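Chains C and V supply the protein sequences, listed in that same order. Going by this note's numbering, the first residue of the first sequence is number 1, and it counts up by one from there. Going by this note's numbering, the first residue of the second sequence is number 198, and it counts up by one from there.
2 protein chains.
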Amino acid sequence: MAGKKQFDVDIALDAAMVQFWRAGYADTSLDDLSRATGLNRSSIYSSFGDKDSLYLRCLDRYAIRYGDRYEQALSSGASGEPLRAIRAFFEVTLQRIADPDVPDGCLVAQTAMATPVLSPAIATRAIEAVGLQRARLRTALNTAELAEGDAENYATHITAVNQSLAVMSRARASQKQLRTIVDISMSALSQALHSRG
Amino acid sequence: MAGKKQFDVDIALDAAMVQFWRAGYADTSLDDLSRATGLNRSSIYSSFGDKDSLYLRCLDRYAIRYGDRYEQALSSGASGEPLRAIRAFFEVTLQRIADPDVPDGCLVAQTAMATPVLSPAIATRAIEAVGLQRARLRTALNTAELAEGDAENYATHITAVNQSLAVMSRARASQKQLRTIVDISMSALSQALHSRG
DNA sequence: CTCAACTTGGACTGATCGGTTCAAGATAGG
DNA sequence: CCTATCTTGAACCGATCAGTCCAAGTTGAG
């Protein structure tokens, strides 16, 4: 065949992801996406389908981009150092929020907040993403010496606090404040670990 | 003068508030608002001005509706029972989420998440609302025996966890899970109080 | 009853939306 | 060079958007 793809799909996807991430689904028009990706309206359609399909692709891209970092962070304490693992986990979010090349907030949290007005497919994907994060945390905490059911409970709590960083960063909270939010949850976990298991 | 207001402004405002709360600013059209309030398009305009003005009015209404409940809850432990006060504070949010007459989530959290695409006036108001909640918590915790600066830190943490309930409820978390999220933060605060001050 | 104030529904504007189509041009493998 | 593929820009569609306006109808105080 002659004439291969002339643009990098992943780069375009990253640009679209950032656009959705910053402005949300409703406030991102196809013209915005065209501008962000540098791609023509027609090219977007032929390559990614309609707006919903592209948004789903961006959610997947986001999951790969950051989900892997969370996974890696959690495995850093795999050998019985859950405190280090959870700290590293939070650090992924804190670093992302501190990164000036990327919007504040979190694409998953933002999508979850908009579930009542998004298509079922998109809403489901966001909810699944939250569930996956929680499952990863539970797995990481299962190796820790915690009372029965506490791995589950702390996984839920940490997932929630992690989402709260998205809201607080959009509410102009400082890096120091975000770290305070994390530190207090860390102290609760530390306490639970030291009081036997 | 003859011909007074024929409809209850507060009832209409409540209906508009719930509509914005459920669907967000971008996904709420004037027709949606007209349908929700039972008011004519023209009446909405003559009574509340444009969409931005109405949204601000709804934010204020929300602040009155729930801000007062938070205030009251916090004052329930004014005489040196901060744990009871904070528990009551969280309970306001948990009850609201459990209320079937009202959407999941939180209008303030939702507005905060959308700051990049909202008018500066609206974004500022949402950020102020978060700051106000934090200030109330700090005041309530100042009476508690906590180490220097901890009242501030816990106020920040509790504000964040409270916002996280909005995200998690939209992500279909169960009431039990929401309570778990709260309980772990409560245990951290309890620990800080018992280790002297 | 009178009349001023309020409410209504619908029509209208200009703009933007998502989505589709197509002809012209650019690209690179053969 | 030839040609299949990809990309582009623009035009176009029907729908919806926020916001405005007005004529007709309703209300209730005086």
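Quick reminder that beta carbons are idealized off the backbone N, C-alpha and C, glycines included. Small disclaimer: the values here were computed from a predicted structure and weren't measured.
If you draw a 10 Å sphere on the C-beta of aspartate 298/V, you find fewer than 16 other C-beta atoms in it, and that means exposed.
Within 9 Å of the CB of proline 313/V, the CB atoms of chain C belong to Arg22, Ala23, Gly24, Asp27, Pro103, Asp104, Gly105 and Arg170, in sequence order along the chain. DSSP, read as helix, strand or coil, puts proline 120/C in helix. Here the C-alpha atom of methionine 186/C lies approximately 17 Å from the C-alpha atom of glycine 346/V. Residue burial is scored here from C-beta neighbours: valine 289/V has at least 16 other C-beta atoms within 10 angstroms and is therefore classed as buried. For threonine 321/V, the nearest beta carbon of chain C is not closer than 7 Å to its own beta carbon. In this structure, the beta-carbon distance from isoleucine 294/V to serine 366/V falls below 7 Å. Counted as a single uninterrupted DSSP element, the alpha helix (DSSP H) harbouring glutamate 288/V occupies residues 279–295. At least 7 Å separates the CB of isoleucine 294/V from every CB of chain C. Of the candidates Asp301/V, Ser244/V, Lys248/V and Tyr267/V, Ser244/V places its Cα closest to the Cα of phenylalanine 204/V. Secondary structure at aspartate 207/V: helix, using DSSP grouped into helix, strand and coil. Secondary structure at asparagine 339/V: helix, using DSSP grouped into helix, strand and coil. Relative to the Cα of alanine 73/C, the nearest Cα in the group Ala85/C, Thr159/C and Ala166/C belongs to Ala85/C.
Nearest C-alpha to tyrosine 70/C among Glu152/C, Gly38/C, Val167/C and Arg138/C: Arg138/C. The shortest C-alpha to C-alpha distance from glycine 235/V to any of Thr308/V, Ala337/V, Ala212/V and Gln292/V is the one to Ala212/V.
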